[in-house]
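Take a look at the structure set out below.
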Amino acid sequence: MNTSEHPSLPFLLLVALLLLPAAYSIGVNYGTLGDDLPPPSEVAHFLKTRTTIDRIRIFDVNTTIIKAFANTGILVSVTVPNGDIPSLTDARNARRWIDANIKPFYPATKINYICMGTEVLHWGPQPLIDSLVPAMKVLNAALVKEGFNEIKISSPHSLGILLSSVPPSNASFRPGWDVGTLKPMLEFLKQTKSGFMVNPYTYFGYSPSNANFCLFKPNAGLFDKATGITYTNQFDQLMDAVHVSMKKLGYPDVEVVVAETGWPSGGDPANLHANPVNAAAYIGGLMKKVNSGDGTPLMPGRKFETYIFALFNENLKGPSLDEKNFGLFRPDFTQVYNVGIMHAPQAQAPSPSPLGAAAASDAPSSSASPWDDAPFFNKSKPLTGSPVQAPPTSSNTNASATTSTASPGAANPNVNFATKSAAAFILAMTLLM
């Protein structure tokens, strides 16, 4: 036998590996607003043994969840409720918070991020906004003192922080928030090698005319004359708008983390674009995008840490059906649609596809407010006042330039979906400016 005529074993192994279905690692937001969700211990076992999900983000410091993920190897991001932020500007309170919420569980549970509030600039009020960066610094100092140097601190933002995003080359942060809060935050993130967290929802920028642009499908694209770049999807456009805004403040190299993004598989009758076909297209396209390492036109070669919203459909959210149906899974662990997130062997890498009709109003169990982990809504009870505070006037801008658009929601957690639509309106206006 002439062995030179036969492929070598390493070659055959390489071919076999190339023929395996694509496996995309990804993070998820694990919400608990439902009365039929499985116990956290079952969730942790399912994610570790059956999926490629390698990190989760929770909207509080739920100790049952944190303990359930011990020794799983899955990264866990926890959240300081917005109302607790001012107290953490005090070093003693920060140490106590770590003693109660981090020290008993770390490192058995691989806590990698502490999110200081959620969309704080979007919700305010101003005294809370003023406490945000100081609290991040004080809590970080307490972490370092404990020797927990690998735990990073950041704070997720809605894209309401952008004055405009079209074209990306013209993007900037809203005056007042830019130098007042975001610049010192970016300096802190640079020093601590932490990521700048944003929540880019193309769902809220959807219109029938730009459907393919929002869903990673073939389209004519958006041409940015200043850079000569044609954007073929809205995710890249929004991410580059954030990058340009960061660069204008002098921080182009701080990593960007996608703290939330998603698409509902079902919704109210008027929202026909909330369906499993579109959800599969968006999430499937997103997973390919962030796992490719291609980055964006202005951030080539970056692989963004990304958290899909959400893990489960949650039946206590609402009142809209959209809010109930952002999940990748139903509470019985069945997939709402297939985007190749399961370990189960398949003949070939799956194309994103729905699995049956839009999910019914399944959901996770919790006694929390129905808005605690809704995209574009506050993840904790506001202190006072109304959401969407007008940014304070920057020293180098006119007051007229700092006026914020109308509130996308209400401080009352029982706000109806009409106000959620206002949130979509704000993003749409940002996209069109």
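Numbered according to mature numbering (1 follows the signal peptide of the UniProt record, and there is no 0), the sequence shown spans residues -25 to -1, 1 to 408.
Every residue, glycine too, gets a C-beta built ideally from N, C-alpha and C.
Just curious, the beta strand (DSSP E) that R30 is in, first and last residue? I28 to R32
The beta strand (DSSP E) spanning E235 covers which residue range? V231 to T236
When burial is assigned at 16 or more other CB atoms within 10 Å of the CB, is A(-4) buried or exposed? Caution is warranted here: a pLDDT of 48 is assigned to A(-4), below 50, making its placement in the model unreliable, and no coordinate value can be reported.
Could you name the residues of the same chain whose beta carbon sits closer than 6 angstroms to that of E230, not counting the 5 residues immediately before and after it, in chain order? G170
For L160 and V108, what's the separation of their Cα atoms in angstroms? The displayed chain sequence assigns Met, not Leu, to residue 160. Each residue's alpha carbon lies about 6 angstroms from the other.
Have a look at H318 and T26 and give me their C-alpha separation to the nearest angstrom. 5 angstroms
Per DSSP, what kind of secondary structure is V53 in: helix, strand or coil? strand
Given this structure, state the Cα-to-Cα distance separating N192 from K264, to the nearest angstrom. Here residue 192 is Lys; the residue named in the question, Asn, does not match the sequence. If I take the Cα positions, the gap works out to 12 angstroms.
Distance, G151 Cα to I136 Cα: 10 angstroms
What's the gap between the Cα of W98 and the Cα of I104? 9 angstroms
Smallest Cα separation from E17: which of D307, L134 and A83? D307
I need the straight-line Cα distance from W238 to G122, nearest angstrom please. 39 angstroms
Measure how close the beta-carbons of A110 and I60 come, nearest whole angstrom, since I'm counting them as under 8 angstroms. 5 angstroms
With distances taken between CB atoms, is the gap from I40 to I49 smaller than 8 angstroms? no
Measuring only the C-alpha atoms, how far is N115 from R70? 10 angstroms
Measuring only the C-alpha atoms, how far is L139 from A216? Per the sequence shown, the amino acid found at residue 139 is Ser instead of Leu. Near 8 angstroms, if we compare the C-alpha coordinates of A216 and S139.
Under the three-state DSSP convention, the category S130 falls into: coil
Distance CB(I86)-CB(V51) smaller than 8 angstroms: yes
Spatial neighbours of L96 within its chain, please: CB distance less than 7 angstroms, with the 5 preceding and 5 following residues excluded, ordered by chain position. I104, H132, I136, W152 and T156
C-alpha distance - L164 paired with P244, whole-angstrom precision: 42 angstroms
Roughly how many angstroms separate the alpha carbons of S267 and G2, rounded to a whole number? 15 angstroms
With a 10 Å radius around its C-beta and 16 neighbouring C-beta atoms as the bar for buried, classify S106 as buried or exposed. buried
Which of the three DSSP states, helix, strand or coil, is assigned to N4? strand
Give me whichever residues DSSP pairs with D199 in a beta bridge. I204
Here's a check: name, in chain order, each residue in its chain whose Cβ is nearer than 7 angstroms to the Cβ of N246, leaving out the five neighbours to either side. D297
Less than 8 angstroms between the CB atoms is what I'm expecting for S240 and P251, so what's the real figure, rounded? 4 angstroms
Out of E125, L213 and A254, which has the shortest C-alpha to C-alpha gap to I77? E125
Opposite Y282 in the DSSP bridges: which residues? G2
Ordered along the chain, which non-local residues of its own chain (more than five positions away) have a Cβ less than 8 angstroms from that of K112? F163
My assumption, with CB atoms under 8 angstroms, is that G242 sits in contact with N288. Please give the rounded CB distance. Not really, about 12 angstroms apart at Cβ, beyond 8 angstroms.
Ignore the nearest five residues each way along the sequence and tell me which others in N194's own chain have a CB closer than 6 angstroms to its CB. N187 and F188
Is the Cβ-Cβ distance between P175 and L224 less than 8 angstroms? no
What does the alpha-carbon distance come out to for the pair F179 and P102? 29 angstroms
Please state the DSSP three-state secondary structure of V173. strand
Measure the C-alpha to C-alpha separation of K127 and N37 and round it to an integer number of angstroms. 18 angstroms
Using CA coordinates, which residue listed in P183, P294 and A256 is at the minimum distance from G315? A256
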